[in-house]
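Protein chains in written order, with my numbering: chain A, 1210 to 1423; chain B, 1210 to 1423.
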DNA sequence: CGATAATTTGACCGATTGGTAAAACATTAC
DNA sequence: GTAATGTTTTACCAATCGGTCAAATTATCG
């Protein structure tokens, strides 16, 4: 029987793992640069170096590939926020949060754009995740920030919009990369963009939140 | 002859103007929520309340509709930055720039998302505009900001990344609206999001740039 | 080895894609 | 009015879409 379609068996084959990885890798390329509706199975199959029916042997539908990709990204994408520590001191925590988010924008721009595409197009596949796990995590960390403000460790500010602004400014360097490069296109200015951004943002938030070092 | 296709004649008919406007309005809806590749002429035609061949009588191709939309948006989108005045005082200029960009995100979210979709997908249609007019405008305003810093009116900072961060934080409320709403979904918190964002961002940038009122 | 299960292929499907041709219809100008 | 022009519709096209199927091929295991 050839019905299994890489799902019936409990134990996954070496080939299955390899091929599924190749497909997801290729799909990340395609989805992140064309969005879900703008991407085709043929494009993904070609990028993965296999025939369309062969790809569909591992993932039954286009949605299935997309969903697995989104689930993965969503989890790792929230890692930095999860690491945000209530016990730590505000300066170090916020500084390292900005730095980590900026590193992710630099090292995983496709993942950022995949996510951005999804949200931009109305988040049809992940609305529940946003209203559930994401919201709960943000609520929790917002409370931490509020406590810091109450304790006089940072300036009073809306913690939700603080988080939004850090998301926006850091992911901007992945999602709007083309624009950033175009504007900074003179000589080497563009190559230093992540270091420059880190310096700028750390200064902005440290002073903006009236955090004094030491 | 019926060859003209709304282009041969010098003088545009009343019908032409009305229909073209309806098409662009519908196309803004569709393109902004599905991206270029993910949108279909049929969707646009249906949203505009006309048949596909009828729509194609006014715009020869899908690209033609998209291009005209992008050109329009690109122009009005840069208005606030163009209004940035070297002679004005930093506090008022930066404050009003943030406010105006935030108002545009609130009042013209589709335009913001159309633009975001285009950049996100590699800006295949507007690379020249980014490297040309946009870059020149940003260069000019960056020089203004640098002059303010030299004069001690604001803290020294990278003017390009200051502009990027204002773009990112303000457009975030249009482009990532679904996410913002999901996180702020409790009671009325979501309804105040633009006012709250304005308050937060003005404080952040005023303090972050060490601008003291008066 | 042989048998069984896993993988890959090519041929194909109906629906949808961007776009066209030509004729029917409506409007305007004289 | 009528003739020219402008607009809309019907019918259609080749290409591509997501996906299926059965047969051919390859890997695995005793």
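Think of the CB as a built atom: it goes at the ideal place given N, C-alpha and C, for glycine as much as any other residue.
Here DSSP, grouped into helix, strand and coil, assigns residue 1298(A) to coil. Against chain B, a Cβ distance below 8 Å from residue 1414(A) picks out 1413 and 1417. Cβ proximity to chain B below 8 Å picks out 1326, 1328, 1329, 1330, 1331, 1332, 1336 and 1339 from the segment 1326-1339 of chain A. Between the alpha carbons of residue 1247(B) and residue 1239(B) lies a distance of about 9 Å. The beta carbon of residue 1267(B) does not come within 8 Å of any beta carbon belonging to chain A, so the residue lies off that interface. Contact between the segment 1285-1292 of chain B and the segment 1391-1400 of chain B is absent: fewer than 3 CB-CB pairs across the two stretches fall below 8 Å. Taking a contact as a CB-CB distance under 8 Å, the pair residue 1306(A) and residue 1375(A) counts as one, their CB atoms being some 7 Å apart. For residue 1343(B), the chain A residues whose C-beta falls within less than 8 Å of its own C-beta are 1388, 1391 and 1392, listed in chain order. Between residue 1224(A) and residue 1268(A), the C-beta spacing is not below 8 Å.
In the three-state scheme derived from DSSP, where H, G and I count as helix and E and B as strand, residue 1248(B) is classed as coil.
Residue 1378(B): member of the alpha helix (DSSP H) spanning 1368-1384, first to last residue.
Under the Cβ criterion (8 Å, minimum of three pairs), the segment 1260-1278 of chain A does not count as touching the segment 1337-1355 of chain B.
Counting C-beta atoms within 10 angstroms of its own C-beta, residue 1327(A) has 16 or more neighbours from the protein chains shown and is therefore classed as buried. According to the DSSP assignment, residue 1354(B) belongs to the alpha helix (DSSP H) that extends over 1344-1359. Less than 8 Å divides the Cβ of residue 1373(A) from the Cβ of residue 1389(B). The three-state reading of DSSP puts residue 1277(A) in helix, counting H, G and I together. Nearest CB-CB separation between residue 1317(A) and chain B: not below the 8 Å threshold. In the structure shown, residue 1285(A) falls within a helical segment according to DSSP collapsed to helix, strand and coil. Think of a sphere of 7 Å around the beta carbon of residue 1377(B): the chain A residues whose beta carbon falls inside it are 1377, 1378 and 1381, in chain order. Residue 1242(A) has a beta carbon lying within less than 8 Å of a beta carbon in chain B.
The three-state reading of DSSP puts residue 1408(A) in helix, counting H, G and I together. By the Cβ test, the segment 1411-1420 of chain A is in contact with the segment 1296-1305 of chain A, since at least three Cβ pairs between them sit closer than 8 Å.
Judged by beta-carbon spacing, residue 1384(A) lies beyond the 8 Å limit of residue 1295(A), meaning their Cβ atoms are not closer than that value. When DSSP states are grouped into helix, strand and coil, residue 1316(A) belongs to the helix group.
C-alpha of residue 1242(A) to C-alpha of residue 1391(B): approximately 25 Å in a straight line. Take residue 1300(A), set aside five residues on each side of it, and the residues of its chain with a beta-carbon closer than 6 Å to its own are 1420, in chain order. Sixteen is the threshold: when 16 or more other Cβ atoms of the shown chains lie within 10 Å of the Cβ of residue 1229(B), as they do, the residue is buried.
Using a CB distance cut-off of 8 Å, residue 1405(A) counts as an interface residue toward chain B.
Proximity of chain B to residue 1278(A) at the Cβ level (cut-off 9 Å) is not reached, the minimal Cβ distance being about 16 Å.
Within a 10 Å sphere around the beta-carbon of residue 1262(B) sit fewer than 16 other beta-carbons, which makes this residue exposed. Within chain B, the residues placing a beta-carbon under 9 Å from that of residue 1322(A) are 1329 and 1330, ordered along the chain. Residues 1358 of the same chain have their beta carbon placed closer than 6 Å to that of residue 1365(A), with the five preceding and five following residues left out of the count. Rounded to the nearest whole angstrom, the CA to CA distance from residue 1333(A) to residue 1393(A) is 34 Å. Residues of chain B with a Cβ closer than 7 Å to the Cβ of residue 1370(A) are, in chain order, 1405, 1406 and 1409. CA-to-CA, the gap between residue 1361(A) and residue 1298(A) works out to about 12 Å.
Inter-residue distance for residue 1272(B) and residue 1256(A) is about 25 Å (C-alpha atoms, whole angstroms).
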